[in-house]
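Encoded as structure tokens, the structure appears first; notes follow it.
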Amino acid sequence: MNTPDISPATPFSPKGQTENTSGKTPSEPSVVISGTGQYLPSKVLTNSDLTKIVDTNEEWILTRTGISERRIAGPTETSGTMAAEAARMAIANSSLQVEDIDLVIVATITPDQPFPSTACHVQTALGMRPIAAFDVEAACSGFLYILDIATAMLRNGPYRHALIIGTEKLSAITDWQDRSTCILFGDGAGAAVLSRSSLHKKKTGILDTTLGADGANGHILQMPGGGCRVPATPDSVSSRQHFLKMNGREVFKLAVKVMEQASLDILARNHLQAEQIHSIIPHQANIRIIEMLASRLKIPMERFFINLDQYGNTSAASIPIALHEARENGFCPSGTNSILVGFGAGLTWGATLLRWP
Ligand SMILES: CC(C)(COP(=O)(O)OP(=O)(O)OC[C@H]1O[C@@H](n2cnc3c(N)ncnc32)[C@H](O)[C@@H]1OP(=O)(O)O)[C@@H](O)C(=O)NCCC(=O)NCCS
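Residue numbers 11 to 367, in my numbering, belong to the letters of the sequence shown in order.
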């Protein structure tokens, strides 16, 4: 199998930059996180519950993944409704009004429908002005992708406040007959309001993001059906093509590799050492992946924010939910640096460096 070439000698930033120059232009405004929010469905599915659905046991799930339970959306809860709830909380926490928001971007692999976009559903649910609204699909890295897109739009455009949301109803594409995948995933939404600000000191807020992708390894984590390649037919349904399929071992190996490289890349091009990072908010896929990343980066596990034991892997929602809980729990004090880092289907990956105002 091909592995992605992400060696330092091969810059994988789409901008082709090996050094962060953001913040060096005197007129460039800061982009800060002014509010965060989350929504988790109330229904809890425990490891014990899963033993009644597939041939597994609580001990296997806990030791192989670190997950104890996950949330499952009810029939009327969708990626759009959960996103709207998380968005309301993020806007309230930012002390802004819905009318202040100039842009909505949603990251999801489980949109309410192929079109219109889930962002347009959120816009309607919140009664927003006719502002730009669109979805981005980069799987579990999706929140980092939309964070970078929104940051660039805030820096360069007329926008002041952007609402970015990661939301997933993964239970809708989970194969509840496949014990190797159904134990991993959960539903939920996380949101953040990003604001352009000249009030904050230079070099605070979102400092830099690196993104990457390796489409040649897309087959190791995918949903074969539902697009134009395999449209929905009785055959596609009966052969279970509309569920997520995964080669867990390959995903595991590549996840550690790309998250390590993305973290090292963002440190190097911002001239920072690992000791200068106060907190890491990683994609919440598997505790063993995070432990391996911590060991390779030589950063103690105490500096990694973990909530996957309660929610499992919520794909694009995972980082923003963790970001919200990390802020609420005092994990990100003013003046400290954080790295958000993730990987997902595509393969895709990314890392964001921020300094809390
Ligand atoms: C899925 C994952 C937990 C499996 O752990 P693993 O240690 O790699 O386990 P394996 O797939 O090698 O399977 C080992 C054995 O456990 C069995 N097994 C798989 N799922 C099981 C379950 N839920 N309960 C009990 N046994 C299970 C397998 O059938 C296999 O049995 P065998 O040896 O008799 O063939 C792990 O590979 C993983 O987390 N990968 C990354 C997945 C991920 O993060 N995906 C999302 C990316 S955004």
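The beta carbon of each residue, even a glycine, is placed where N, CA and C say it ideally should be.
Use the C-beta contact count for Met-269: other C-beta atoms within 10 angstroms, 16 or more gives buried, fewer gives exposed.
On the sequence shown, position 259 is the one that residue 269 refers to. Classification of Met-269: buried, given that the 10 Å Cβ count is 16 or more.
Could you tell me the distance, in whole angstroms, from the CA atom of Ser-23 to the CA atom of Lys-62?
Position 13 of the sequence shown, counting from 1, holds the residue named residue 23. Position 52 of the sequence shown, counting from 1, holds the residue named residue 62. Because the pLDDT at Ser-23 is just 38, under 50, the model does not fix this residue reliably, and the value given afterwards should be weighed accordingly. Each residue's Cα considered, the two are about 45 Å apart.
Whose C-beta lies closer than 7 Å to the C-beta of Arg-189 among residues of the same chain, with five residues either side of it excluded?
Residue 189 sits at position 179 when you count from the first residue of the sequence shown. Val-64, Asp-65, Thr-66, listed in sequence order.
If you draw a straight line from the C-alpha of Ser-328 to the C-alpha of Ala-148, how long is it?
Counted from its first residue, the sequence shown places residue 328 at position 318. Counted from its first residue, the sequence shown places residue 148 at position 138. The alpha-carbon atoms of Ser-328 and Ala-148 are separated by roughly 13 Å.
When DSSP labels each residue in this structure, what does Ala-94 get in the three-state scheme?
Here residue 94 refers to the residue found at position 84 of the sequence shown. Here Ala-94 sits in helix by DSSP.
Am I right that Ser-344 and Trp-366 are in contact with their C-beta atoms under 8 Å? What's the rounded C-beta distance?
Working through the sequence shown from its first residue, we reach residue 344 at position 334. Working through the sequence shown from its first residue, we reach residue 366 at position 356. Contact holds; Cβ gap of about 5 Å.
Tell me whether Thr-358, by its Cβ, gets closer than 7 Å to a heavy atom of ligand 1.
Position 348 of the sequence shown, counting from 1, holds the residue named residue 358. No, Cβ of Thr-358 sits at least 7 Å from all heavy atoms of ligand 1.
To the nearest whole angstrom, what separates the beta carbons of Ser-44 and Ser-205, a pair I think is in contact under 8 Å?
Here residue 44 refers to the residue found at position 34 when the sequence shown is read from its first residue. Here residue 205 refers to the residue found at position 195 when the sequence shown is read from its first residue. About 4 Å; that satisfies the 8 Å criterion.
If you measure from the CB of Ala-172, is any heavy atom of ligand 1 nearer than 7 Å?
Numbered from 1 along the sequence shown, position 162 holds the residue referred to as residue 172. It does not: the Cβ of Ala-172 is nowhere closer than 7 Å to a heavy atom of ligand 1.
Using the rule of at least 16 other Cβ atoms within 10 Å of the residue's Cβ for burial, across every protein chain shown, is Arg-80 buried or exposed?
For this step, residue 80 is matched to residue 70 along the sequence shown. Buried, by the Cβ-count rule.
Segment contact flag, the segment 105 to 120 with the segment 178 to 189, C-beta cutoff 8 Å, min 3 pairs
yes
In angstroms, rounded to a whole number, what distance separates the CA positions of Gly-340 and Ile-300?
Position 330 of the sequence shown, counted from the start, is the residue given in the question as residue 340. Position 290 of the sequence shown, counted from the start, is the residue given in the question as residue 300. Going by the C-alpha atoms only, they are around 21 Å apart.
Under a three-way DSSP split, which group does Val-266 fall into?
Taking the sequence shown and counting its residues from 1, one reaches residue 266 at position 256. Helix.
Ile-71: beta carbon under 7 Å from a heavy atom of ligand 1?
Locating residue 71 in the sequence shown gives position 61, counting from the first residue. Checking the Cβ of Ile-71 against ligand 1 gives yes.
Val-114 vs Ala-143 beta-carbon contact at 8 Å:
As a position in the sequence shown, residue 114 is number 104, starting the count at 1. As a position in the sequence shown, residue 143 is number 133, starting the count at 1. Cβ distance < 8 Å, so Val-114 and Ala-143 count as in contact.
Nearest neighbour of Thr-88, chosen from Leu-50, Lys-263, Arg-250 [CA to CA]:
Walking along the sequence shown from the start, residue 88 turns up at place 78. When each option's Cα is compared against that of Thr-88, the closest is Leu-50.
Answer with buried or exposed for Asn-57, where buried requires no fewer than 16 other C-beta atoms within 10 angstroms of its C-beta.
On the sequence shown, residue 57 is found 47 positions in, with the first residue counted as 1. Result: buried.
Which of helix, strand or coil DSSP assigns to Trp-359
Within the sequence shown, the letter at position 349 stands for residue 359. Reduced to three states, the DSSP call for Trp-359 is strand.
CB-CB under 6 Å to His-252, same chain, minus the five flanking residues each way: which ones, in chain order?
Stepping through the sequence shown from its first residue, residue 252 is reached at position 242. Once the five neighbours on either side are set aside, the close Cβ partners of His-252 are Gly-235, Gly-236.
Taking its Cβ as the centre, do 16 or more other Cβ atoms sit within 10 Å of Glu-109, making it buried, or is it exposed?
Counting from one through the sequence shown, the residue named residue 109 turns up at place 99. Per the 10 Å Cβ criterion, exposed.
Output needed for His-131: all residues of its chain with C-beta closer than 7 Å, excluding positions within five of it in sequence on either side, in chain order.
If you number the sequence shown from 1, residue 131 lands on position 121. The answer, listed in chain order, is Gly-90, Asp-122.
Reference Asn-317; option with closest CA among Lys-308, His-293, Ile-276, Arg-306:
In the sequence shown, residue 317 corresponds to position 307, counting from 1. For the residues Lys-308, His-293, Ile-276, Arg-306, the minimum Cα distance to Asn-317 belongs to His-293.
Please name the residue in Gly-354, Thr-128, Arg-98, Met-99 whose C-alpha comes closest to that of Glu-260.
For the purposes of this step, residue 260 is taken as the residue at position 250 of the sequence shown. Looking at the Cα atoms, Gly-354 is the closest of the given residues.
Buried or exposed: which applies to Pro-4, given that a residue is buried once 16 or more other Cβ atoms fall within 10 Å of its Cβ?
Because the chain here runs from 11 to 367, residue 4 falls outside it and cannot be looked at.
Where do the ends of the beta strand (DSSP E) carrying Gln-48 lie?
Taking the sequence shown and counting its residues from 1, one reaches residue 48 at position 38. From DSSP, the beta strand (DSSP E) with Gln-48 extends over 40 to 49.
Is Leu-154 near ligand 1 - that is, is its Cβ less than 7 Å away from at least one heavy atom of it?
Sequence index remark: in the sequence shown, residue 154 carries index 144 (1-based). False, no ligand heavy atom lies under 7 Å from that Cβ.
Is Ser-190 near ligand 1, with its Cβ less than 7 Å from a heavy atom?
Locating residue 190 in the sequence shown gives position 180, where the first residue counts as 1. Yes - ligand 1 has a heavy atom lying nearer than 7 Å to the Cβ of Ser-190.
May I ask you to report which of helix, strand or coil DSSP gives Gly-225?
Position 215 of the sequence shown, counting from 1, holds the residue named residue 225. In the structure shown, Gly-225 sits in a helix (DSSP, three-state: H, G or I).
Here's the rule: buried if 16 or more other CB atoms are within 10 angstroms of the residue's CB, otherwise exposed. What is Pro-85?
Here residue 85 refers to the residue found at position 75 of the sequence shown. Pro-85 comes out exposed.
Residues bridged to Ser-205 [DSSP beta-bridge criterion]:
Residue mapping note: residue 205 aligns to position 195 of the sequence shown, counting from 1. Looking at the DSSP assignment, Ser-205 forms a beta bridge with Val-42, His-171.
Runs of alpha helix (DSSP H) lying entirely within the segment 108 to 173, each at least 4 residues, in chain order
128 to 135, 152 to 166
Of the residues Gln-271, Phe-262, Leu-357, His-171, the one placed nearest Arg-298, counting alpha carbons only:
Mapped onto the sequence shown, residue 298 falls at position 288. The residue with the shortest Cα to Cα distance from Arg-298 is Phe-262.
Alpha carbon of Ile-349 to alpha carbon of Leu-333, nearest angstrom:
Residue 349 sits at position 339 when you count from the first residue of the sequence shown. Residue 333 sits at position 323 when you count from the first residue of the sequence shown. Approximately 10 Å between the Cα atoms of the pair.
Ile-193 (DSSP reduced to helix, strand or coil):
By one-based count along the sequence shown, residue 193 stands at place 183. Of the three classes helix, strand and coil, the one that applies to Ile-193 here is coil, per DSSP.
Nearest-angstrom Cα distance between Thr-31 and Gly-176?
Along the sequence shown, read from residue 1 onward, the residue named residue 31 stands at position 21. Along the sequence shown, read from residue 1 onward, the residue named residue 176 stands at position 166. Here the model assigns Thr-31 a pLDDT of 49, short of 50, so the residue's position is not dependable and the matter cannot be decided.
So, Leu-194 versus Gly-322, is the Cβ gap smaller than 8 Å?
Position 184 of the sequence shown holds residue 194. Position 312 of the sequence shown holds residue 322. Cβ distance < 8 Å, so Leu-194 and Gly-322 count as in contact.
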